[in-house]
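Let me begin by presenting the structure, written as structure tokens, before commenting on it.
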Amino acid sequence: MNIAQQKRLAADLGPEKLCMIMRNHGIVVCGRTVAEAFLNLYFLEFACRTQVLAMSTGAKLNQPSEDILNSFAQQMEQFKPMKKDGFKSTQIATFKALVRMIERIDPSYKE
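Read in the working numbering, the sequence shown has 11 at position 10, and its numbers run on one by one without any break.
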């Protein structure tokens, strides 16, 4: 990736966005720490998987109203990183739970 492409990606992400789905090129996920970036990836993948499963039913999907979307966005603000290390207590707890889960499933990930 050349400098011009890097600058374009950074400009497209802007100062507040942490995830970008690039047409035919995968995704870019950012975070102030590796753990924060991982959680952003984890929840993006979960949301995408949920949408694909819902769409695969063939049923008509109900789009929430703008009011509901805005209300949900305001509620999600509490999960944005606030601390210097890029985490709030909810994110720390979530990340630790995921680490415990992978340790139960396959402790060899540490190797």
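Built from N, CA and C at the ideal position, the CB exists for glycine as well.
All values reported here derive from a predicted model rather than from experimental measurement.
Handout entry: Unbroken stretches of the beta strand (DSSP E), 3 residues or longer, contained in the stretch 17-43
Key = Segments of the beta strand (DSSP E) lying fully in the stretch 17-43: 20-23 and 27-30.
Problem - Euclidean distance between Cα positions of L99 and I106 - result: When rounded, the distance between both Cα atoms is 11 Å.
Problem - Distance, L45 Cα to T51 Cα - result: It is roughly 10 Å from the alpha-carbon of T51 to the alpha-carbon of L45.
Problem - Burial state of V35, where buried means 16 or more other Cβ atoms lie within 10 Å - result: By the beta-carbon neighbour count (other beta carbons within 10 angstroms, threshold 16), V35 is exposed.
Exercise for the section: Go through its chain and collect everything with a Cβ distance to N41's Cβ below 8 Å, but skip five positions before and after it. Expected result: Only residues of its own chain outside the window of five on either side were considered, and among them L19, C20, V30, C31 and G32 have a CB closer than 8 Å to the CB of N41, listed in chain order.
Problem - Anticipated Cβ contact below 8 Å, E37 with Q92, distance rounded - result: About 7 Å separates the two Cβ atoms, so the contact holds.
Handout entry: Where P108 sits in the DSSP three-state scheme
Key = Three-state result, P108: helix.
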